[in-house]
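Written below as structure tokens is the structure these notes are about.
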Amino acid sequence: MHEAPESNVSAMVECPEINVSTMPESTENNAPIILPSLEYDVAIMQESPEKSLFTLLESPENDAPIILPSLEFNNLPMSLEVPEITVTNSLEENRPTPPRRFRRKREFTPSEYSDVSGDEIPTAPERSKRKNRTIEKLPDKVLLNIFSYLSHREICRMATVCKRWRMVAYDTKLWTHVSLRPEISGLHVGSLESLLALISIRFGPSLRYIELPIELITHTVLHELASKCPNLTHMLLDFSTAMQLHDFSEMQAFPTKLRYLCICLSEVIFMEGFMRKIYNFINGLEILHLIGTYEKVEEEEEEIYEVINVHKLKSATPNLRVINLYGINFVDDSHIDAFSSNCIQLECLAVNYCNKVTGSTMKTLFQRSRRLTCLLMNGCSLQSEYVMQVEWEKSSILELDVTATDLSTECLIDMLTRIPNLRFLSAGQINGFNDTVIKAWIEAGTARNLVALDVDSSDNLTDEALHRFLSRHGSQLWGLVLSGMPHITDQLWQSVLQLLTNAKILIMGTQERLGVNIHVDQLMDGIANSCPNLERLELRWDPENLRFSDKSQKAIDILRVKCLKLKCLVLSDGRYYEIVKANFERADRTTVVRTSTNCRVSNYYLLSNYKDLIFN
611 MHEAPESNVS AMVECPEINV STMPESTENN APIILPSLEY DVAIMQESPE
661 KSLFTLLESP ENDAPIILPS LEFNNLPMSL EVPEITVTNS LEENRPTPPR
711 RFRRKREFTP SEYSDVSGDE IPTAPERSKR KNRTIEKLPD KVLLNIFSYL
761 SHREICRMAT VCKRWRMVAY DTKLWTHVSL RPEISGLHVG SLESLLALIS
811 IRFGPSLRYI ELPIELITHT VLHELASKCP NLTHMLLDFS TAMQLHDFSE
861 MQAFPTKLRY LCICLSEVIF MEGFMRKIYN FINGLEILHL IGTYEKVEEE
911 EEEIYEVINV HKLKSATPNL RVINLYGINF VDDSHIDAFS SNCIQLECLA
961 VNYCNKVTGS TMKTLFQRSR RLTCLLMNGC SLQSEYVMQV EWEKSSILEL
1011 DVTATDLSTE CLIDMLTRIP NLRFLSAGQI NGFNDTVIKA WIEAGTARNL
1061 VALDVDSSDN LTDEALHRFL SRHGSQLWGL VLSGMPHITD QLWQSVLQLL
1111 TNAKILIMGT QERLGVNIHV DQLMDGIANS CPNLERLELR WDPENLRFSD
1161 KSQKAIDILR VKCLKLKCLV LSDGRYYEIV KANFERADRT TVVRTSTNCR
1211 VSNYYLLSNY KDLIFN
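Just so you know, my numbering puts the end of the sequence shown at 1226, numbered straight through with nothing missing.
In structure tokens:
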């Protein structure tokens, strides 16, 4: 018989408190209790049989699992009854014997395989073949196609998985459109040397579009792009945060095939030193964006600097089709006149939020630019007398935005009744836009080709005049904006929805708290049944004014099922927003429902040059 070491027995006798019953009870989180290796003498177990180990293991107070180490039981009498454990005199046999486990043979059902029908069960070689179908077995071409749906930030994470994925992730075909602005794409290049290596190794001839922040705009980078990226056609240069420019005196090269150029201007940095170097390389430009600092302007008036010479720029870009001057505080009518004198192919001119533009050169603009079909002047300081001088009936204008321009009623009537083929009109936030304008426009018949109308916050329009206009032209409209007017509620929308059968964009409601409630369930049901082509919908009503029942899920289901083209549904943050969002997420359409805090819908999606007007 094996004898336990004397030291262990004495330790147990001298310190009887060291046993299972006195183990710490800190098992609040159901953590496993790990017991030390103990040796139990027969004398102790016979002396206190109620404190035996097996009795203690039967019902832990907190149901925490107990992990037992190697235990040795010595001199246990054969008469000692221990449930489910047989104790012998042999040291090797006195450990608990685990029950034998029988592994159940897995049965393959036909539903597990798309190519198995009926009672046909796949053979062993077929099961082995299907078992080996993992992502590692995909060819590089398929893996490359999968990676093409990821952002560059996610692609960089995929490159850390394995060598093969790294090779696929760095394929030049995945790096045709690159943004190196951290706030936009999340990519940050630490040094110019790293960027130069990327241009020659990863980008190369595949690069078509690139965005560069101020710290990466140097003559060496631009020279490398010109020599290593011959197919580069779109470029964005962000100088908006610049306090000092790099030295461009040694710059001798610049990409020559640029079709699109976007320059984000700084408030205080003069660009002439840089622009003088690139004038000879941008003759082929078709799309030009100059982005000002309108959104960064403070209320206090500061001195305005003309940081870029527009009069010289227009001489170097005779082939421009689209010009976007956004929020530039020094742009006035003379700059518009300069572009019109040299850009005979001009099709779209946008001067939104250039508040020094009064319209004094609009007549000359239309006389020179016969191809001009789109004019966007949101937030300009237009004067009615200048607008009425334009020969609208001889123009080719199709799309017009005069939002927040304070034009008079007389001017609006004169303009709208003389434009023969107007397709797009945005005339919101104008006090002069009233029922008289609507009536004259209907009688003139010049709205016969209209597909998009925006009269946001036109408080002088009544619901009767709008109903009369929509009764005649509602069926031809693709986009309708009747927001920001407290008196336009769901009652008007319910009465005209059956007329808006071709609508793609609908914007309704106001953020002001109303005295009436909006029954959103009936409204959603009417939209779903009347507008099958709907792509974008925004409800701006305050969440407290929305009334819906416990059965609102049914109306949301109908909208989701019938409006299959719906890409964007914007709601004010609240309980109804959470309900709609959860409904679409259950149908795996997670990107459709958005909050008005982060997203706004506009009729600009319907502009013919919308893709050319997009900028970051």
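Beta carbons: idealized from backbone N, C-alpha and C, even for Gly. If you're wondering where the values come from, they're calculated on a predicted model, not measured in any experiment.
Checklist entry - Is it the case that the Cβ atoms of Leu1026 and Leu985 are separated by a distance below 8 angstroms? => result For this step, residue 1026 is matched to residue 416 along the sequence shown. For this step, residue 985 is matched to residue 375 along the sequence shown. Contact flag unset, no.
Checklist entry - Should Leu1216 be labelled buried (16 or more other beta-carbon atoms within 10 Å of its own) or exposed? => result Residue mapping note: residue 1216 aligns to position 606 of the sequence shown, counting from 1. It counts as buried.
Next on the checklist: Need the endpoints of the alpha helix (DSSP H) that Tyr1220 sits in, please.
Outcome noted: As a position in the sequence shown, residue 1220 is number 610, starting the count at 1. Taken as a continuous stretch (DSSP letters only), the alpha helix (DSSP H) holding Tyr1220 covers Tyr1220 to Leu1223.
Checklist entry - Does the distance from the C-beta atom of Gly1184 to that of Pro1153 stay below 8 angstroms? => result For the purposes of this step, residue 1184 is identified with residue 574 of the sequence shown, where counting begins at 1. For the purposes of this step, residue 1153 is identified with residue 543 of the sequence shown, where counting begins at 1. Closer than 8 angstroms, so yes.
Item to check | Simplified DSSP assignment, three categories, for Cys1021 | outcome: Position 411 of the sequence shown, counted from the start, is the residue given in the question as residue 1021. The three-state reading of DSSP puts Cys1021 in helix, counting H, G and I together.
Item to check | Per-residue DSSP class, three states only, for Asp1198 | outcome: The residue given as residue 1198 occupies position 588 in the sequence shown. In the structure shown, Asp1198 sits in coil (DSSP, three-state: anything other than H, G, I, E or B).
Checklist entry - Can you tell me whether DSSP reads Thr782 as helix, strand or coil? => result Along the sequence shown, one-based indexing puts residue 782 at 172. Looking at Thr782 - three-state DSSP - the assignment turns out to be helix.
Item to check | Contacts around Lys973, its chain only, beta-carbon distance under 6 angstroms, and the 5 residues preceding and following it disregarded | outcome: Your numbering for residue 973 matches position 363 in the sequence shown. Excluding residues within five positions, the ones whose Cβ falls inside 6 angstroms are Gln999 and Val1000.
Checklist entry - Are three or more beta carbon pairs between the region 985-996 and the region 1048-1068 nearer than 8 angstroms? => result Contact check between the region 985-996 and the region 1048-1068: fewer than three CB pairs, one atom from each, fall below 8 angstroms, which does not count as touching.
Checklist entry - On the premise that Lys1164 lies in contact with Leu1144, defined as a C-beta separation below 8 angstroms, what is that separation, rounded to the nearest angstrom? => result Here the question's residue 1144 lines up with position 534 in the sequence shown. Here the question's residue 1164 lines up with position 554 in the sequence shown. About 18 angstroms separates the two Cβ atoms, so there is no contact after all.
Next on the checklist: Pairs of beta-carbons, one from the region 1011-1025 and one from the region 1074-1082, closer than 8 angstroms: are there three or more?
Outcome noted: The region 1011-1025, when compared against the region 1074-1082, does not touch it at the 8 angstroms Cβ threshold.
Item to check | Sequence-distant residues of its chain with Cβ nearer than 6 angstroms to Ala1054 (five each side left out) | outcome: The count along the sequence shown starts at 1 and reaches residue 1054 at position 444. Cβ neighbours of Ala1054 beyond the five flanking positions: Thr1027.
Next on the checklist: Quick check: is any heavy atom of the ligand NAD less than 7 angstroms from the C-beta of His829?
Outcome noted: With respect to small molecules bound, the structure shown includes none, and the ligand NAD cannot be examined in it.
Checklist entry - Can we say the region 1126-1144 touches the region 1199-1207, given the rule of at least three CB pairs closer than 8 angstroms? => result Because the criterion of three Cβ pairs below 8 angstroms is not met, the region 1126-1144 and the region 1199-1207 do not touch.
Item to check | With 16 other Cβ atoms within 10 Å as the buried cut-off, status of Val794 | outcome: Here residue 794 refers to the residue found at position 184 when the sequence shown is read from its first residue. Val is not the amino acid found at residue 794; the sequence shown has Ile there. So Ile794 ends up on the exposed side.
Checklist entry - Apart from the five residues just before and just after Thr866, which ones in its own chain have a Cβ nearer than 6 angstroms to its Cβ? => result The residue labelled residue 866 in the question sits at position 256 within the sequence shown. Excluding its 5 nearest sequence neighbours in each direction, Thr866 has C-beta neighbours in its own chain below 6 angstroms: Phe891, listed in chain order.
Next on the checklist: Whole angstroms are fine: how far does the CA of Lys1172 sit from the CA of Gly814?
Outcome noted: Residue mapping note: residue 814 aligns to position 204 of the sequence shown, counting from 1. Residue mapping note: residue 1172 aligns to position 562 of the sequence shown, counting from 1. The alpha-carbon atoms of Gly814 and Lys1172 are separated by roughly 46 angstroms.
Checklist entry - Hey, Ile918 and Met885: beta-carbon distance below 8 angstroms or not? => result To locate residue 918, count along the sequence shown from 1; it is residue 308. To locate residue 885, count along the sequence shown from 1; it is residue 275. Between Ile918 and Met885, the gap from beta carbon to beta carbon is short of 8 angstroms.
Checklist entry - CB Leu930 to CB Leu895, shorter than 8 angstroms? => result Taking the first residue of the sequence shown as position 1, residue 930 is located at position 320. Taking the first residue of the sequence shown as position 1, residue 895 is located at position 285. For Leu930 and Leu895, yes; Cβs fall inside 8 angstroms.
Checklist entry - Between which two residues does the alpha helix (DSSP H) containing Ser1081 stretch? => result Against the sequence shown, residue 1081 aligns to sequence position 471. Its alpha helix (DSSP H) spans residues Asp1073 to His1083.
Next on the checklist: If we require 4 or more residues per run, which alpha helix (DSSP H) segments fall completely within the region 848-921?
Outcome noted: Correct list: 882-888.
Item to check | For Leu832 and Gly800, the rounded distance between their alpha carbons | outcome: The residue labelled residue 800 in the question sits at position 190 within the sequence shown. The residue labelled residue 832 in the question sits at position 222 within the sequence shown. Cα to Cα, the separation comes out at about 17 angstroms.
Checklist entry - Start and end of the alpha helix (DSSP H) containing Asp943? => result Here residue 943 refers to the residue found at position 333 of the sequence shown. Counting along the chain, the alpha helix (DSSP H) containing Asp943 begins and ends at Asp943 to Asn952.
Checklist entry - Of the residues Pro749, Gln854 and Gly1042, which one's Cα is nearest the Cα of Val878? => result Residue mapping note: residue 878 aligns to position 268 of the sequence shown, counting from 1. Among Pro749, Gln854 and Gly1042, the Cα nearest to that of Val878 belongs to Gln854.
Item to check | Reference Gln1108, options Asp1066, Leu806 and Asn1139, closest by Cα | outcome: Taking the first residue of the sequence shown as 1, we reach residue 1108 at position 498. The candidate whose alpha carbon is nearest that of Gln1108 is Asn1139.
Item to check | Leu1149, enclosing beta strand (DSSP E) - first and last residue | outcome: Your numbering for residue 1149 matches position 539 in the sequence shown. Looking at the DSSP string, the run of the beta strand (DSSP E) that includes Leu1149 is Arg1146 to Leu1149.
Next on the checklist: Buried or exposed, going by whether 16 or more other CB atoms sit within 10 Å of the CB of Ile954?
Outcome noted: Stepping through the sequence shown from its first residue, residue 954 is reached at position 344. Flag for Ile954 reads exposed.
Checklist entry - How should Thr1013 be labelled, buried or exposed, when 16 other C-beta atoms within 10 angstroms of its C-beta is the threshold for buried? => result As a working note, residue 1013 is residue 403 in the sequence shown. The Cβ neighbour count for Thr1013, taken over all protein chains shown within 10 Å, is at least 16; the residue is labelled buried.
Next on the checklist: On a Cα-Cα basis, can you pick out the residue from Ile1189, Tyr1187, Val1180 and Asp1222 that is closest to Ser1206?
Outcome noted: Reading the sequence shown from its first residue, position 596 is the one you call residue 1206. Residue nearest to Ser1206 within the set Ile1189, Tyr1187, Val1180 and Asp1222 is Val1180 (criterion: CA-CA distance).
Checklist entry - So what does DSSP say about Ala1062, is it helix, strand or coil? => result Position 452 of the sequence shown holds residue 1062. Strand.
Item to check | Beta-carbon proximity check, Ile873 vs Leu900, cutoff 8 angstroms | outcome: As a first step, residue 873 is located in the sequence shown; it is residue number 263 there, counting from the start. As a first step, residue 900 is located in the sequence shown; it is residue number 290 there, counting from the start. Yes, these two residues count as a Cβ contact at 8 angstroms.
Item to check | Delimiting residues of the alpha helix (DSSP H) encompassing Ile1048 | outcome: Within the sequence shown, the letter at position 438 stands for residue 1048. First-last of the alpha helix (DSSP H) with Ile1048: Asp1045 to Ala1054.
Item to check | Whether Ile897 touches Val932 by CB criterion (8 angstroms) | outcome: Taking the first residue of the sequence shown as 1, we reach residue 897 at position 287. Taking the first residue of the sequence shown as 1, we reach residue 932 at position 322. With contacts defined by Cβ atoms closer than 8 angstroms, Ile897 and Val932 form a contacting pair.
Checklist entry - If we count the other Cβ atoms within 10 Å of its Cβ and call it buried at 16 or more, is Asn841 buried or exposed? => result Taking the sequence shown and counting its residues from 1, one reaches residue 841 at position 231. Looking at its Cβ environment, which holds fewer than 16 other Cβ atoms inside 10 Å, Asn841 is exposed.
Checklist entry - Is Glu1001 helix, strand or coil by DSSP? => result Start at 1 with the first residue of the sequence shown, and residue 1001 comes out as number 391. Residue state, collapsed to three classes: coil.
Item to check | Secondary structure, beta strand (DSSP E): runs of 3+ residues fully inside the region 1161-1214 | outcome: Considered as a whole, the region 1161-1214 harbours 1178-1181 and 1203-1205 as its complete beta strand (DSSP E) runs of no fewer than 3 residues, in chain order.
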